[in-house]
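A quick write-up on the structure given underneath.
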Amino acid sequence: MKHKTLIRISGLVLCCVLAPHLFSMTINGELSSVGDRGTTNTVSFKAALSTNLQLWQITVLYPNRQDVCGSDGEKTCCISKWSKEALQATRVPQAIPQASIVNGVFPGVADTEDKILWFAFASSSFFTGQTNPLACLWNGGVGVDTPGAYTAKIENLEFLNYVERLPIKADFMYSTEQVQNMTNFTFVSYRLQKQSDIEQFMKDNRKYDDNLVGEYTVVNFTNFNGTLLPLEFYLKLFSIPRPHIEPVTRSIFHGKVNYITDESPDSFLPIVKESLYTTDFRFSDRRAMVDYIKYKIENQNWPSTNDLALQTLFASKINELPPLATNRPNSNRATILIARIILLLTITALPICLYWHLKKTNSTKER
Amino acid sequence: MSRNQPQLFERWFQQFIYLAGIIFLITGSAKVFSATGTESVLSVIDPIIKLSFRNLFLFAGLVELVIAFICLFTKQIMLNLALVFWMAANFTAYRVGLFLIGWHRPCGCLGNLSDPLGIAPQTADLLMKAVLAVLLIGSGSLFFYGLKMNKIFKYSSTAPLTTNET
Chain A
144 MKHKTLIRIS GLVLCCVLAP HLFSMTINGE LSSVGDRGTT NTVSFKAALS
194 TNLQLWQITV LYPNRQDVCG SDGEKTCCIS KWSKEALQAT RVPQAIPQAS
244 IVNGVFPGVA DTEDKILWFA FASSSFFTGQ TNPLACLWNG GVGVDTPGAY
294 TAKIENLEFL NYVERLPIKA DFMYSTEQVQ NMTNFTFVSY RLQKQSDIEQ
344 FMKDNRKYDD NLVGEYTVVN FTNFNGTLLP LEFYLKLFSI PRPHIEPVTR
394 SIFHGKVNYI TDESPDSFLP IVKESLYTTD FRFSDRRAMV DYIKYKIENQ
444 NWPSTNDLAL QTLFASKINE LPPLATNRPN SNRATILIAR IILLLTITAL
494 PICLYWHLKK TNSTKER
Chain B
9 MSRNQPQLFE RWFQQFIYLA GIIFLITGSA KVFSATGTES VLSVIDPIIK
59 LSFRNLFLFA GLVELVIAFI CLFTKQIMLN LALVFWMAAN FTAYRVGLFL
109 IGWHRPCGCL GNLSDPLGIA PQTADLLMKA VLAVLLIGSG SLFFYGLKMN
159 KIFKYSSTAP LTTNET
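Protein sequences, first through last, are from chains A and B.
Each residue of the first sequence is one higher than the one before, starting from 144 at the first, in our numbering.
Each residue of the second sequence is one higher than the one before, starting from 9 at the first, in our numbering.
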């Protein structure tokens with residue numbers, strides 16, 4: 144009797160440990176994009192997902208490089224590796240691949256295609272917890288000359304099913320408020336350095352708020368081992384309406400799944416096989432205007448944030464004096480003016496007092 | 009009020025002025041010394057005064073040295089107190105300005121001398137805040153107390169502080 148219970152318990156534990164790998168799946172397909180000038184680009188992709196869709200790895204094969212992004216639920220790591228042909232063309236034959244690490248499950252610094260594929264297949268873990276704010280999926284702004292691209296908020300979000308929460312429909316609306324909401328998000332400070340910059344940006348672009356800038360729709364889906372997955376989807380990007388110019392479709396992304404297998408990767412985080420130049424966005428301090436630290440991974444492991452060497456590097460970067468006098472978090476013109484007036488009044492106070500005192504003394508002597 | 013009291017106050021006042029003079033001598037020398045360095049931070053533009061830190065260190069350091077010499081080598085007690093109070097008030101106003109604009113870096117009040125001395129910039133900043141508080145409160149209270157004393161002794165037989173030649 145005891146043996147049977149023991150076997151059952153061990154079986155259960157084994158199932159729990161192996162489940163994500165046993166029942167995981169790999170989606171293979173293509174993502175094409177048509178730009179406003181009719182240019183078409185197609186990339187092939189492979190998205191490996193755990194059974195509960197909480198862990199993922201997306202590989203995108205561009206004509207000249209390969210991006211691999213993956214998440215273990217806590218952090219998202221990406222490796223971008225250039226093809227030999229591309230390296231030869233640039234005459235840098237031994238270029239070291241670039242890597243990035245961000246907190247959370249959204250590959251915020253990855254390329255547009257990586258992020259769109261993440262939204263389609265791997266955003267379940269993000270939407271299980273929240274819906275907003277999510278940084279913009281596409282790089283390069285949303286139609287106006289924005290210093291940042293993080294100005295789209297999601298509305299009318301619907302899911303394929305409400306357990307796994309993969310989107311079937313979503314509208315992206317222009318929102319300057321989103322920039323303010325995301326001040327803790329690393330990549331806003333990347334371009335909008337100062338609070339005054341953010342406020343100015345919001346002031347200048349508020350007129351575009353609530354315009355539809357993107358529309359995501361799943362047109363075909365399938366049930367694979369009990370999980371609903373998109374088979375075909377579109378993401379249409381629109382330009383912002385301007386005076387005398389009608390809103391137009393800027394570009395259309397079309398994703399199509401070719402086949403799905405039950406393969407699973409050894410690890411959902413990209414495997415580090417060689418040295419990597421890494422930009423680690425987990426080490427950020429907006430107040431000190433430090434967005435990331437850069438280092439080289441040489442031990443073939445993704446480092447944890449407890450790594451003493453990284454913490455020392457981060458601390459030294461925070462303690463560095465500012466490289467330029469521009470990085471002041473709350474300095475608007477009025478505040479600087481007030482500070483200068485206070486200082487000027489203090490500086491001039493003594494000479495004025497001395498002048499009055501001398502004048503008074505002289506007049507007393509004359510009497 | 010005893011006749012010895014003005015002399016006693018005067019001695020205290022003079023001791024405080026010497027202390028302030030020594031402090032300004034040290035910080036002023038540190039600033040002037042730092043201004044001659046080659047650190048890249050010296051070319052950074054100060055957020056309030058819009059001068060490079062090199063020029064700012066040089067200017068502030070020279071003013072501090074001048075005040076230090078006046079404090080150490082003249083006996084004009086009220087003038088010296090006024091100068092110390094003025095300088096301390098200027099530094100306070102500058103720090104208030106930095107705080108207002110959100111500049112949370114350590115103030116370079118010791119120039120870059122904290123590095124060779126082996127003091128962390130944050131510790132040096134804290135130390136200078138304490139010194140500034142002592143100078144501001146000390147000189148301010150003594151100066152205004154001295155003004156009051158002068159008014160009292162103006163009508164008494166004892167000479168006022170400002171004209172003491174001993």
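Backbone N, C-alpha and C define an ideal beta-carbon position, used for all residues, glycine too.
Residue i, DSSP secondary structure in three states
| i | result |
| --- | --- |
| Val-203 of chain A | strand |
| Glu-301 of chain A | strand |
| Ala-492 of chain A | helix |
| Asp-179 of chain A | coil |
| Ser-506 of chain A | helix |
| Leu-22 of chain B | Note on residue identity: the sequence assigns Gln, not Leu, to residue 22 of chain B. Here Gln-22 of chain B sits in helix by DSSP. |
| Leu-453 of chain A | helix |
| Trp-225 of chain A | strand |
| Ser-267 of chain A | helix |
| Tyr-435 of chain A | coil |
| Asp-405 of chain A | coil |
| Lys-312 of chain A | strand |
| Thr-82 of chain B | coil |
| Gly-398 of chain A | strand |
| Ile-479 of chain A | helix |
| Gly-105 of chain B | helix |
| Thr-35 of chain B | helix |
| Leu-419 of chain A | strand |
Beta carbon proximity, residue i to chain A, threshold 8 angstroms
| i | result |
| --- | --- |
| Ala-90 of chain B | yes |
| Ile-25 of chain B | no |
| Leu-108 of chain B | yes |
| Ile-85 of chain B | no |
| Ile-78 of chain B | no |
| Ile-56 of chain B | yes |
Distance CB(residue i)-CB(residue j) smaller than 8 angstroms
| i | j | result |
| --- | --- | --- |
| Ala-482 of chain A | Leu-108 of chain B | yes |
| Val-203 of chain A | Asp-257 of chain A | yes |
| Ala-191 of chain A | Thr-169 of chain A | yes |
| Gly-105 of chain B | Glu-72 of chain B | no |
| Leu-355 of chain A | Met-316 of chain A | yes |
| Tyr-377 of chain A | Ile-403 of chain A | no |
| Ala-101 of chain B | Leu-144 of chain B | no |
| Val-252 of chain A | Phe-424 of chain A | yes |
| Phe-21 of chain B | Leu-89 of chain B | yes |
| Val-88 of chain A | Glu-375 of chain A | No answer is possible for residue 88 of chain A: the residues shown for chain A start at 144 and end at 510. |
| Pro-588 of chain A | Ile-222 of chain A | The structure shown does not extend to residue 588 of chain A, since chain A is modelled only from 144 through 510, so no value can be given for it. |
| Ala-242 of chain A | Leu-230 of chain A | no |
| Gly-357 of chain A | Ala-263 of chain A | no |
| Ala-28 of chain B | Gly-69 of chain B | no |
| Val-436 of chain A | Leu-419 of chain A | First, the residue type needs correcting, since residue 436 of chain A is Ile and not Val in the sequence shown. No, these two residues do not count as a Cβ contact at 8 angstroms. |
| Leu-174 of chain A | Leu-260 of chain A | yes |
| Phe-411 of chain A | Asp-215 of chain A | yes |
| Val-415 of chain A | Asn-444 of chain A | yes |
| Ser-268 of chain A | Pro-310 of chain A | no |
| Arg-308 of chain A | Phe-270 of chain A | yes |
| Lys-439 of chain A | Thr-455 of chain A | no |
Cβ distance (whole Å) where residue i is taken to contact residue j below 8 angstroms
| i | j | result |
| --- | --- | --- |
| Leu-277 of chain A | Leu-371 of chain A | Not confirmed; about 21 angstroms, so no contact. |
| Lys-189 of chain A | Asn-171 of chain A | 5 angstroms |
| Ile-75 of chain B | Phe-32 of chain B | 5 angstroms |
| Phe-99 of chain B | Leu-140 of chain B | 5 angstroms |
| Pro-413 of chain A | Gln-200 of chain A | 7 angstroms |
| Phe-93 of chain B | Gly-154 of chain B | Not confirmed; about 11 angstroms, so no contact. |
| Glu-301 of chain A | Lys-312 of chain A | 4 angstroms |
C-beta neighbour in chain B for residue i, strict 8 angstroms
| i | result |
| --- | --- |
| Thr-491 of chain A | no |
| Ile-519 of chain A | Any question about residue 519 of chain A goes unanswered here, given that chain A covers just 144 to 510. |
| Ile-461 of chain A | no |
| Ala-162 of chain A | Note that Ala-162 of chain A has pLDDT 49, beneath the 50 cutoff, so the model's placement of it is unreliable and the number below is only indicative. It does not: the Cβ of Ala-162 of chain A has no partner Cβ on chain B nearer than 8 angstroms. |
| Ile-485 of chain A | yes |
| Ala-468 of chain A | Unreliable placement is indicated for Ala-468 of chain A, whose pLDDT of 39 sits below 50; no coordinate value is reported for it. |
| Thr-478 of chain A | yes |
| Arg-471 of chain A | Confidence in Arg-471 of chain A is poor, its pLDDT being 46 and thus under 50, which makes the residue's placement too unreliable to answer from. |
Between the segment 91-104 of chain B and chain A, which residues of the former have CB atoms less than 7 angstroms from a CB of the latter, in chain order?
Within the segment 91-104 of chain B, contact with chain A at the beta-carbon level (separation under 7 angstroms) is assigned to Trp-94, Ala-97, Asn-98, Ala-101, Tyr-102 and Val-104.
Taking only beta carbons into account, state which residues of the segment 139-154 of chain B come closer than 9 angstroms to chain A, listed in chain order.
Contacts with chain A (Cβ-Cβ distance below 9 angstroms) from the segment 139-154 of chain B involve no residue at all.
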